[in-house]
Amino acid sequence: MTNYIAIIHKDADSDYGVSFPDFPGCITAAATLDEAREMAREALEFHIQGMLEDGDGMPAPSTLDAVMASPDFVTGVAFMVSAPVREKATRVQITLYPSVLAQIDAAAAERQISRSAFLADAALKQV
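Add 26 to the 1-based position in the sequence shown for my numbering, that's all there is to it.
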């Protein structure tokens, strides 16, 4: 999962509006705050799915400082939205010492994730 910043806007006479600085054009609105949060997740998921189907790459998540420096978002309230990025997985073969593999498996089991998810997460923290 990747977390992106969403900005919620609310005028006195309007519904809650949500936009995503990293995804121009990805917006949604709802009558309540809870609905807006749920709609934001769905809108981001749908937007990302369309981008992946079109062969577009995913933007790196912006920092909160960068987002709030923009005059377009300074009056909104930021919150995080998790969106699964559903790329097609590629099978790879690697060679590890059995003791290293045992440590990886133990750490993955402790976190209740797969070996692949653990290795991907560890690798992404290094890039």
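Note that beta-carbon positions come from the ideal geometry of N, C-alpha and C, so glycine has one too.
None of the values given here were measured: they were computed from a predicted structure.
- Contact between the segment 120 to 127 and the segment 48 to 66 is not established, with fewer than three Cβ pairs separated by less than 8 Å.
- In the DSSP assignment, ALA92 falls within the unbroken alpha helix (DSSP H) covering 90 to 94.
- A distance below 7 Å between beta-carbons, with the five flanking residues on each side excluded, links PRO85 to the following residues of its chain, in chain order: ASP48.
- In the DSSP assignment, VAL44 falls within the beta strand (DSSP E) that extends over 42 to 45.
- Setting aside the 5 residues that flank it on each side, VAL44 is surrounded in the same chain by ALA32, ILE34, THR54, ALA62 and ALA66, each with a C-beta closer than 6 Å to its C-beta; the list follows chain order.
- Rounded to the nearest angstrom, the gap between the Cα atoms of ALA38 and GLY76 is 33 Å.
- 8 Å or more divides the Cβ of VAL103 from the Cβ of MET94.
- Membership of VAL100 in any alpha helix (DSSP H) is not indicated, and neither H nor E is assigned to it by DSSP.
- Between ALA128 and PHE144, the C-beta gap is not smaller than 8 Å, which leaves the two residues out of contact.
- LEU150 is classed as exposed because its beta carbon has fewer than 16 other beta carbons within 10 Å across all chains shown.
- In the DSSP assignment, ALA56 falls within the beta strand (DSSP E) that extends over 53 to 56.
- When rounded, the separation of the alpha-carbon atoms in ALA92 and ASP147 is 25 Å.
- Annotated three-state conformation of ILE120 is coil, per DSSP.
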